[in-house]
Amino acid sequence: MKKVIINSSGGGSDIGSTGNGITEKDITLKISNIIKDRLEEAGVEVLMLRDKDETISYDERIKKLKATYPNPYDVVLLSNTLNTTSGIDIIYPLKKTDALASMLARNLEYFNDTKYYQYRWPTDTTKDYYYLTRNTPDYETVIIRYGLPSNSKDANIIKENYDEMALSVADALLSYLGVTNIQDDEYIVSSGDTLYALAKRFNTTVDDLKSLNNLKSDLLSIGQILKIPSVKEESNTYTVKSGDRVFMGNKLLCII
Numbered sequence: 258m259k260k261v262i263i264n265s266s267g268g269g270s271d272i273g274s275t276g277n278g279i280t281e282k283d284i285t286l287k288i289s290n291i292i293k294d295r296l297e298e299a300g301v302e303v304l305m306l307r308d309k310d311e312t313i314s315y316d317e318r319i320k321k322l323k324a325t326y327p328n329p330y331d332v333v334l335l336s337n338t339l340n341t342t343s344g345i346d347i348i349y350p351l352k353k354t355d356a357l358a359s360m361l362a363r364n365l366e367y368f369n370d371t372k373y374y375q376y377r378w379p380t381d382t383t384k385d386y387y388y389l390t391r392n393t394p395d396y397e398t399v400i401i402r403y404g405l406p407s408n409s410k411d412a413n414i415i416k417e418n419y420d421e422m423a424l425s426v427a428d429a430l431l432s433y434l435g436v437t438n439i440q441d442d443e444y445i446v447s448s449g450d451t452l453y454a455l456a457k458r459f460n461t462t463v464d465d466l467k468s469l470n471n472l473k474s475d476l477l478s479i480g481q482i483l484k485i486p487s488v489k490e491e492s493n494t495y496t497v498k499s500g501d502r503v504f505m506g507n508k509l510l511c512i513i
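In structure tokens:
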């Protein structure tokens, strides 16, 4: 199984972009830690290129990545950042397909306008635009830009949903890596699922599902993993009790 390397933009003296109560270096580290915890719970090996509030240059991060995982085909490198335009952008490398980027986009489009694309260096269109991707050309490097903090709509979405967005990213990564070994008290969301239908199916309530999974809205994303308060899926079995009558058509066969 591929390992996942997580890069949190900013750190230390590099605070990144700010606005509406959001500081990039803080929110990207929060998002990264949630993703890390979810992946490790599922048995995925994770390396954080920044795991605290410290100044680390991108050259140092790339050096750490290549020293730890010299085989570029053995890892996925996820970089969590904020945007310079409104909405969510997902940028994937020129040498890779859009398979992972499209899965990430499907999970994130529930939160805000989302697009995924490749971005070329203008003076050499054979190279990627962003420094991290350009200097890790053989690695599967995906950059997620979660929104523009100076835009009030984006800022509110990030502040109210960053934890759910992080879990949606983690679930897309797990699906991409083929990790399906979930626990008995978990459920993978599929097409057409709603919280109301799942609550009825598992004999619980929408409020309990939302509370247990820290959901702030009723939105679900395909591939998302939900914890179930008590797995009591409806069945077609029936326990016979004294006094029950057994019929075949309109004919009474016996009384128990």
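Numbering (my numbering), first residue to last: 258 to 513. For every residue, glycine included, the Cβ atom is placed at its ideal position computed from N, Cα and C.
query, result
"Which of helix, strand or coil does DSSP assign to N493?", "For N493, the predicted structure reports a pLDDT of 47, less than 50, and the residue's modelled location is therefore unreliable. A value from the coordinates is still provided. Correct three-state label for N493: coil."
"My output table needs one value for K260: the three-state DSSP class, helix, strand or coil.", "strand"
"Taking 6 angstroms as the cut-off, is the C-beta of I415 nearer than that to any heavy atom in the ligand ATP?", "Although the ligand ATP was asked about, the structure shown includes no ligands whatsoever."
"Excluding the five sequence neighbours on either side, which residues of its own chain have a C-beta within less than 7 angstroms of the C-beta of Y315, listed in chain order?", "Y388, L389"
"Going by Cα to Cα distance, which pick from S343, S359, T342 is closest to P350?", "S359"
"Closest to K260 by CA distance: which of M422, N328, Y373, N392 is it?", "N328"
"Does DSSP put I272 in a helix, a strand or coil?", "coil"
"Going by DSSP, what residues sit across from D381 in a beta bridge?", "W378"
"Can you check DSSP and say which residues form a bridge with Y386?", "Note: Y386 sits in no beta bridge, so no partner."
"Counting C-beta neighbours from all protein chains within 10 Å, is the total for S425 16 or more, i.e. buried, or is it exposed?", "buried"
"Quick check: E317 and G268, are their CB atoms within less than 7 angstroms of each other?", "no"
"On the DSSP letters alone, give me the boundaries of the beta strand (DSSP E) that K484 sits inside.", "482 to 484"
"Span of the alpha helix (DSSP H) holding R458?", "452 to 458"
"Here's a check: name, in chain order, each residue in its chain whose Cβ is nearer than 6 angstroms to the Cβ of L408, leaving out the five neighbours to either side.", "The displayed chain sequence assigns Asn, not Leu, to residue 408. Contacts found: S343."
"Mind checking whether L405 and N340 have CB atoms under 7 angstroms apart?", "yes"
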